[in-house]
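*Asks:* First the structure, then my questions, so here it is.
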Amino acid sequence: MSAPISSSSDVIDFVVHRGNGVTGLVQIGVESVPDRYIQPREERLDPSKLETQESIPIIDFSNWADPKVAESICDAASKWGFFQIVNHGVPLEVLEDLKNAARRFFELPGEERKKYLKENSPSETVRLCTSFSPQAEEVLEWKDYLTLLWVSESEASAFWPPACRDQAIAYMKKAEVLIRRLLEVLLKRLHTKERDRTKEYMLMGELRLSLNYYPRCPSPELTAGVGRHSDISTITVLLQDETGGLYVRGAKEDTWIPVPPVKGALVVNIGDVLQIMSNDLYKSIEHRAIANRSRNRVSVPIFVNPGPDTIIGPLPEVLESGEKPVYKHVTFADYFKHFFSKGHDGKNTIEFARI
Ligand SMILES: O=C(O)CCC(=O)C(=O)O
Ligand SMILES: [Fe+2]
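In this note's numbering, the protein residues as written are 1237 to 1591.
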């Protein structure tokens, strides 16, 4: 360790401005959680509020075109907004390789990781970040992430970090097929059957892969890995490692349901965009993640987003029967900007589009 990091501004300088991330902080041997990471009491996960008797559904996706499977998926999307899928077509080996690749990237020396900070990155599609929106947050989140925008295989081969590139590409190629199937199933219930290029752009015009890294934390109970939020995506497909630490808001006031790691499973959740497009039939549910005291945790979401210039609002097919729209039309770019203009604040983002 070159110089002690004691004051709050030292922490911000080291982690944010000098781009070491919270991973860098742990690598230099931080032994207690700096003040800037300590959540106010009301934002900490209260163990007495855990709802361990409940769990989100686990759905076998092998016969995805079977109406019964479609029914379980759509029911889970409207009741829970969250479910896990198994037999989804992405080979176990691809998932394992991806988790290892994410670890490999974050275990690189700081100077190697820093090549992918915004100011150094060889491409706008690759960016190493820390916390969520450090300029807007009072308290930082105990997480670093590498965000990779999937433009094409050749673009990814040229610019994604060699430590994780091949595994991330192999995953995206398999996951893209799965994402199309999931959207097809979910849209059928919204009476949107035909799939054309415009619709595809509107629903999945942007696929953003994120390698999330939550380095081990001396006092995870005081911090947030990711604070309470709903995703703004159409849907999110998430791979988590064996550590655990993901929680979903329960139906009972202020309770949290753990999402246990299931070998080979992918977690799927509905994002705000699909809640808006479905005029509240599908729900984007609040969730949060916490770091672990002894293990570095990895999770890998794909945020399936509309193309940036898409105008989002309730789908005409959904309103055909005379249902009143609950949301107005906004551009996804504005919605995205709004999300990142503040710290995580539960389900508040969607108010931006409410009539
Ligand atoms: O790490 C996790 O399990 C969840 C991450 C998450 O919610 C997100 O990146 O939006
Ligand atoms: Fe999320």
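Using N, Cα and C, we set each Cβ at its ideal position, and we do this for glycine too.
According to DSSP, what are the bridge partners of glutamine 1320?
*Replies:* Answer is Ile1294 and Val1503, bridged to glutamine 1320.
*Asks:* Do leucine 1443 and tryptophan 1386 have their C-beta atoms closer together than 8 Å?
*Replies:* Less than 8 Å separates the beta-carbon of leucine 1443 from that of tryptophan 1386.
*Asks:* Going by the beta-carbon positions, is the gap between leucine 1414 and valine 1330 smaller than 8 Å?
*Replies:* no
*Asks:* Helix, strand or coil for aspartate 1516, going by three-state DSSP, please let me know.
*Replies:* coil
*Asks:* So for valine 1362, helix, strand or coil by DSSP?
*Replies:* strand
*Asks:* Under three-state DSSP, which class holds leucine 1482?
*Replies:* strand
*Asks:* Please state whether DSSP places valine 1540 in a helix, a strand or coil.
*Replies:* strand
*Asks:* Is the segment 1472-1479 touching the segment 1262-1271 in the sense that three or more CB pairs, one from each, lie closer than 8 Å?
*Replies:* no
*Asks:* Relative to the C-alpha of tryptophan 1316, which candidate in Ile1294, Lys1335 and Met1438 has its C-alpha closest?
*Replies:* Ile1294
*Asks:* Note down the Cα distance separating phenylalanine 1319 from leucine 1418, rounded to an integer number of angstroms.
*Replies:* 12 Å
*Asks:* DSSP three-state call for arginine 1533: helix, strand or coil?
*Replies:* Arginine 1533 falls in the strand class under three-state DSSP.
*Asks:* Please find out if some non-hydrogen atom of ligand 1 comes closer than 7 Å to the beta-carbon of proline 1216.
*Replies:* Outside the shown range of the chain (1237 to 1591) lies residue 1216, about which nothing can therefore be said.
*Asks:* Here's the rule: buried if 16 or more other CB atoms are within 10 angstroms of the residue's CB, otherwise exposed. What is lysine 1519?
*Replies:* Looking at its Cβ environment, which holds 16 or more other Cβ atoms inside 10 Å, lysine 1519 is buried.
*Asks:* Please identify the residue among Arg1485, Leu1445 and Phe1572 whose C-alpha is closest to the C-alpha of glutamate 1290.
*Replies:* Arg1485
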